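Okay, so here's the structure we're looking at.
Residue numbers (the working numbering): 131 to 255.
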């Protein structure tokens, strides 16, 4: 095997792996999309196996923007779930408890109205 054959093998392997990653992204996006019905999902998957390169290209062109938005929403939801879990496990005060303690400080005269508004804003953030 000479250098050009090795280089060609590396290039082909790279594009094959890139295609597999794209295929799995498309299939996972299809299965997680709640807007599409089962028949449409089955049709897309069938097209991906019958004419893989053309249908993958068409899918990315037609639904690429929505694919990115759905992915972004999934990431935000998972981050939010992780943060909620961490707050729950850490046992820190909830936003309601923070606001109640700030209100008690305001009633006692220890903080001003502006400081109370700032603490409330931080608790709700």
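For glycine and all other residues, C-beta sits at the position ideal for the given N, C-alpha and C. On a predicted model such as this, the values are computed, not experimentally measured, just so you know.
Quick check on residue i: buried or exposed, where buried means 16 or more other Cβ atoms within 10 Å of its Cβ?
i: residue 189; result: buried
i: residue 247; result: exposed
i: residue 255; result: exposed
i: residue 240; result: exposed
i: residue 231; result: exposed
i: residue 208; result: exposed
Using DSSP with H/G/I as helix, E/B as strand and the rest coil, what is residue i?
i: residue 240; result: coil
i: residue 186; result: helix
i: residue 164; result: coil
i: residue 172; result: helix
i: residue 221; result: coil
i: residue 234; result: helix
Tell me the rounded alpha-carbon separation between residue i and residue j.
i: residue 211; j: residue 218; result: 10 Å
i: residue 73; j: residue 138; result: The structure shown does not extend to residue 73, since the chain spans only 131 to 255, so no value can be given for it.
i: residue 162; j: residue 136; result: 39 Å
i: residue 204; j: residue 143; result: 30 Å
i: residue 220; j: residue 198; result: 33 Å
i: residue 145; j: residue 183; result: 12 Å
i: residue 141; j: residue 164; result: 37 Å
Hey, residue i and residue j: beta-carbon distance below 8 Å or not?
i: residue 243; j: residue 252; result: no
i: residue 250; j: residue 229; result: yes
i: residue 153; j: residue 178; result: yes
i: residue 175; j: residue 157; result: yes
Rounded C-beta distance between residue i and residue j? I'm assuming under 8 Å.
i: residue 187; j: residue 171; result: Wrong, their Cβ atoms sit about 18 Å apart, outside the cutoff.
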